[in-house]
Each structure stands twice: as structure tokens, then as C-alpha cells.
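A.B. asks: Quick one: the structure is below, and I'll ask about it shortly.
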Amino acid sequence: MSWINCNEQPKVTAILQKSLMSGRVPHAYLFTGKKGVGKKKVAIQLAKSLFCTEYQGDSCDHCLNCHRIESGNHPDVFVVSPDGNSIKIDQVRELQKEFSFRAVESNRKVYIIEQAEKMTVQAANSLLKFLEEPNYQVTAILSTEHVHQILPTILSRCQVMSFQELPLTQRVQVLLQEGFFEPLVRNACQMTADLEQARELCQSDSFAQARNVVLQLSQDILDKGSYALVILQDKVVKQDNGEDGITVMLDFLLYWYRDILLFQIDRNAELVNTDMIHILEQQAMRCSRTWLLRAVELVADTVHRLNRHANAQLALERMVISLQDTEV
Ligand SMILES: [Zn+2]
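Here the working numbering is used: the first residue of the sequence shown is 319, the next is one more, and so on.
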């Protein structure tokens with residue numbers, strides 16, 4: 319992956335590439351931004367660009383250095399992440415010990431400290447001395463989701479690079495490129511703006527299962543069948559998916575009703591359940607606009623109740639009964 323494929327954060331990568339080309343790379347960077355915005359990916363790309371033997375300021379992805387950095391086996395590139403809940407002073411000491419030797423293969427070393435806000439005060443102070451006395455070509459890349467928790471003394475010694483949250487279309491594109499099922503990707507990216515969280519949802523079996531339950535549920539609600547409540551009880555409450563599982567299911571239901579509304583007004587390009595157009599069409603013919611808006615309101619109200627710790631089973635039953643009692 320060269321910088322061309324690292325294009326989710328154009329501002330950050332433009333600045334980094336400029337520094338690389340001019341040969342003026344700062345001693346320390348602090349990458350800030352939410353989980354999933356590409357901090358680690360850019361840190362690895364920066365390390366590869368510094369070590370690549372083929373390209374100047376970019377990575378070729380086939381030289382030995384590029385390969386070893388990609389697989390986490392380069393002798394002069396170190397990654398430090400929290401050991402449990404914190405980054406401890408011993409971890410920073412170990413890093414310093416490594417850095418007291420000359421670089422194994424070049425005159426350069428890179429270290430990446432993930433979740434840098436988790437450094438204990440002792441670890442941060444120890445690192446500070448290190449940041450103040452760079453003895454040869456050392457590049458530190460600290461990254462954090464919580465920049466306000468970084469000690470000001472550390473902050474002032476780093477060039478801060480702010481990573482922006484990715485827009486919806488880009489998050490969808492990234493996950494589609496990774497090969498996830500499109501309807502799941504579209505639902506997940508609507509539910510959360512956090513790419514990493516969306517990826518975790520797409521990877522989990524229970525996410526796909528929750529969607530199947532909702533598809534069945536939406537049909538049963540319209541048929542005014544008694545299965546709806548049974549489905550809920552069996553698949554949601556008894557399965558003990560926890561409140562998160564129920565919230566995800568309700569989110570699916572919200573985006574399902576949104577899809578039917580979008581279908582009714584011919585905005586098919588915005589649908590999330592792209593594989594279910596024929597069922598959306600059937601339900602769109604049966605539901606009035608008024609009912610759909612009321613349904614969205616009822617589901618949103620149930621999410622609100624659950625957030626306020628209402629009894630899950632009662633809240634869900636109440637929702638289904640209200641949906642079935644409202645004239646379609
Ligand atoms: Zn290379």
C-alpha cells in the first residue's frame with residue numbers, strides 16, 4: 319500500500335508526504351482522532367516510507383523493509399500498546415534500552431505508541447526525556463483518541479496531526495473493499511460513525527442474525543401475527559443478547575422502515591437493505607406513509623426507554639402491540 323492507497327485522510331497524508339520529500343521529518347508526531355479513522359494504517363505507511371529501499375518518501379510494498387514492517391518484524395520499528403489498562407514505565411524503559419543500541423540496519427529507528435493517553439505519569443515522564451534528547455534519526459509516532467488526556471509537556475514536543483472522522487460514503491467504501499456483505503455494511507455504517515465499530519459489527523455472526531430476525535419481525539408485524547412476540551421472546555430476550563443486542567435489533571428495524579419510506583419516494587440509491595428490494599416493495603405497497611412515520615416514532619421511543627433502563631421484554635411487547643394496533 320503506497321500513499322495512493324492511503325487516501326482516507328488527505329490532509330494528514332499530504333503534510334506527511336511533503337515532510338518525507340523534503341527530508342524534514344519531525345522527531346515526534348501525535349496522531350489524534352477517533353478509533354477506526356486510520357491512525358495505525360498511516361503510522362505503518364509512514365514507517366515504510368522512511369525505510370523503503372526502493373522509493374523515496376513512499377513505499378514500494380515489495381522490498382524486504384516494506385514486508386517486514388507490514389508483518390511487524392522489522393528490527394528498527396517498535397510498536398508499544400497498553401499492557402492491560404496502561405502503558406507502564408517498564409515498557410518505555412525497554413524501548414529506551416532498544417534505542418540505546420545503534421539501529422540494526424540503518425541509522426534510523428521508529429517507534430509507535432498506541433493509545434498514548436494510557437501512559438502512566440512515570441512512563442510519560444520517562445518518555446519525555448527521551449523525546450527531548452533524540453540522538454539520531456528517531457521518529458516517534460504517538461497516537462490517541464483522547465488528546466486532552468495527553469500531558470501538555472508531551473503534547474508540546476509533538477507535531478499534532480488531527481485525523482477526521484470519515485464521511486458515510488467513505489466508511490461504506492472501505493468496508494466493501496474489505497469484502498463484507500453490502501447490506502450489513504450499509505446498516506452498520508448508519509448505526510455508527512466509528513469505522514472500527516462498524517467493522518466489528520460486520521464481523522459478528524449475531525449482527526447478521528439480528529437482521530434476519532428483524533426481516534421476519536417486520537413481516538409478522540404487518541400480518542398482525544402472534545409470531546412477532548414469540549420471535550422477540552425467543553430470539554432476543556431468551557438468547558440473552560444483552561441490551562446491546564436489543565438496541566442493534568431496534569436499529570435494524572428503524573433502518574428497515576426508513577428503507578420502505580425511501581422506496582415509496584423513489585430514492586432507491588439510499589437504501590441500506592439493498593438485497594431485499596422485492597420484500598421492501600411488497601411492504602411499501604401495504605404501508606401508508608402515516609403508519610411508517612408512526613412506526614419510526616414507536617421504535618425510536620422504545621430505544622429511548624431502553625436507554626433509560628426500562629424492562630426490555632415489556633418495552634418490546636408494548637412496541638409490537640402498538641405497531642399492530644395502529645391502522646396500516
Ligand atoms: Zn519498499
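Beta carbons are placed, not taken as given, at the ideal position from N, Cα and C, and that holds for glycine. As the structure is a prediction and not an experimental result, all values here were calculated from the model.
In the DSSP output, which residue or residues are listed as bridge partners for Met-479?
C.D. replies: Per DSSP, Phe-349.
A.B. asks: Tell me the DSSP secondary structure of Asp-642 in three-state form.
C.D. replies: Just to set this straight, residue 642 is Gln in the shown sequence, not Asp. If DSSP states are grouped into helix, strand and coil, Gln-642 belongs with the helices.
A.B. asks: Would you list the residues sitting across from Ile-539 in a DSSP beta bridge?
C.D. replies: None, per the DSSP bridge assignment.
A.B. asks: Do Gln-467 and Glu-435 come within 7 Å of each other at the CB atom, strictly closer than that value?
C.D. replies: Yes. Within cutoff.
A.B. asks: Just the Cα atoms here: how many angstroms apart are Gln-488 and Cys-507?
C.D. replies: Cα to Cα, Gln-488 sits roughly 10 Å from Cys-507.
A.B. asks: So what's Leu-519 in DSSP terms, helix, strand or just coil?
C.D. replies: Looking at Leu-519 - three-state DSSP - the assignment turns out to be helix.
A.B. asks: Pull up the CB-CB distance for Leu-449 and Ala-346, whole angstroms please, since I reckon it's below 8 Å.
C.D. replies: Leu-449 to Ala-346, Cβ: 5 Å. Contact.
A.B. asks: Run through DSSP, which three-state label would Asp-562 get?
C.D. replies: The answer is helix: DSSP assigns Asp-562 an H, G or I state.
A.B. asks: Give, in chain order, every unbroken run of the alpha helix (DSSP H) that is at least 4 residues long and sits entirely within the region 342-400.
C.D. replies: Segments of the alpha helix (DSSP H) lying fully in the region 342-400: 357-369 and 382-388.
A.B. asks: According to DSSP, is Gly-474 helix, strand or coil?
C.D. replies: Per the sequence presented here, residue 474 reads as Ser, with Gly not at that position. Note: Ser-474 maps to coil in three-state DSSP.
A.B. asks: Just to confirm, is the Cβ distance from Lys-358 to Gly-351 under 7 Å?
C.D. replies: Taking 7 Å as the Cβ cut-off, Lys-358 and Gly-351 do not qualify as a contacting pair.
A.B. asks: From Cys-378 to Gln-433, what distance separates their C-alpha atoms?
C.D. replies: Computed Cα separation, rounded: 28 Å.
A.B. asks: To which residues does DSSP link Ser-404 through a beta bridge?
C.D. replies: Paired residues: Asp-401.
A.B. asks: Relative to the C-alpha of Thr-331, which residue among Asp-376, Leu-616 and Asn-443 is closest?
C.D. replies: Cα-wise, what sits closest to Thr-331 is Asp-376.
A.B. asks: When every heavy atom of ligand 1 is checked, does at least one fall within less than 6 Å of the C-beta of Glu-372?
C.D. replies: Yes - ligand 1 has a heavy atom lying nearer than 6 Å to the Cβ of Glu-372.
A.B. asks: Can you find a C-beta in chain C that's less than 7 Å from the C-beta of Leu-334?
C.D. replies: The chain inventory of the structure shown lacks chain C, comprising one protein chain alone.
A.B. asks: If you count every other CB in all the chains shown that lies within 10 Å of the CB of Glu-326, and 16 or more means buried, which is it?
C.D. replies: So Glu-326 ends up on the buried side.
A.B. asks: Nearest-angstrom Cα distance between Thr-462 and Gln-440?
C.D. replies: Approximately 18 Å between the Cα atoms of the pair.
A.B. asks: Would you check if the distance between the CB atom of Ala-361 and the CB atom of Ile-430 is smaller than 7 Å?
C.D. replies: Their beta carbons are under 7 Å apart, which means Ala-361 touches Ile-430 by this criterion.
A.B. asks: Are the Cβ atoms of Val-503 and Cys-476 separated by less than 7 Å?
C.D. replies: No, Cβ-Cβ distance for Val-503 and Cys-476 is not below 7 Å.
A.B. asks: Return yes when the Cβ of Asn-591 is within less than 7 Å of the Cβ of Asp-577, no when it is not.
C.D. replies: Contact flag set, yes.
A.B. asks: Start and end of the alpha helix (DSSP H) containing Ser-340?
C.D. replies: Start and end: 328-340.
A.B. asks: Within the same chain, show all residues whose beta-carbon is closer than 6 Å to that of Leu-572, passing over the 5 residues directly before and after it, in chain order.
C.D. replies: Val-617, listed in sequence order.
A.B. asks: What does the alpha-carbon distance come out to for the pair Val-548 and Asp-569?
C.D. replies: Spanning the two alpha carbons is a distance of roughly 20 Å.
A.B. asks: Quick one: is Asp-401 buried, meaning 16 or more other Cβ sit within 10 Å of its Cβ, or exposed?
C.D. replies: It counts as exposed.
A.B. asks: Look up Tyr-429 in the DSSP assignment and give the residues it is bridged to.
C.D. replies: Phe-396 and Ala-458.
A.B. asks: Given the structure, does Ser-377 come close to ligand 1, in the sense that its CB is under 6 Å from one of the ligand's heavy atoms?
C.D. replies: Ser-377 Cβ: within cutoff of ligand 1.
A.B. asks: Tell me which same chain residues have a C-beta within less than 6 Å of the C-beta of Leu-348, skipping the five on either side of it?
C.D. replies: Result list for Leu-348: Leu-460, Cys-476 and Val-478, in chain order.
A.B. asks: Tell me Met-437's beta-bridge partners as DSSP assigns them.
C.D. replies: Paired residue(s): Ile-405.
A.B. asks: Under 7 Å, do Val-410 and Leu-368 count as touching if we go by C-beta distance?
C.D. replies: Taking 7 Å as the Cβ cut-off, Val-410 and Leu-368 do not qualify as a contacting pair.
A.B. asks: Just how far apart, CA to CA, sit Glu-588 and Val-490?
C.D. replies: If you take the alpha carbons of Glu-588 and Val-490, they lie about 12 Å apart.
A.B. asks: If you reduce the DSSP assignment to three classes, tell me which class Phe-499 lands in.
C.D. replies: Coil, per DSSP.
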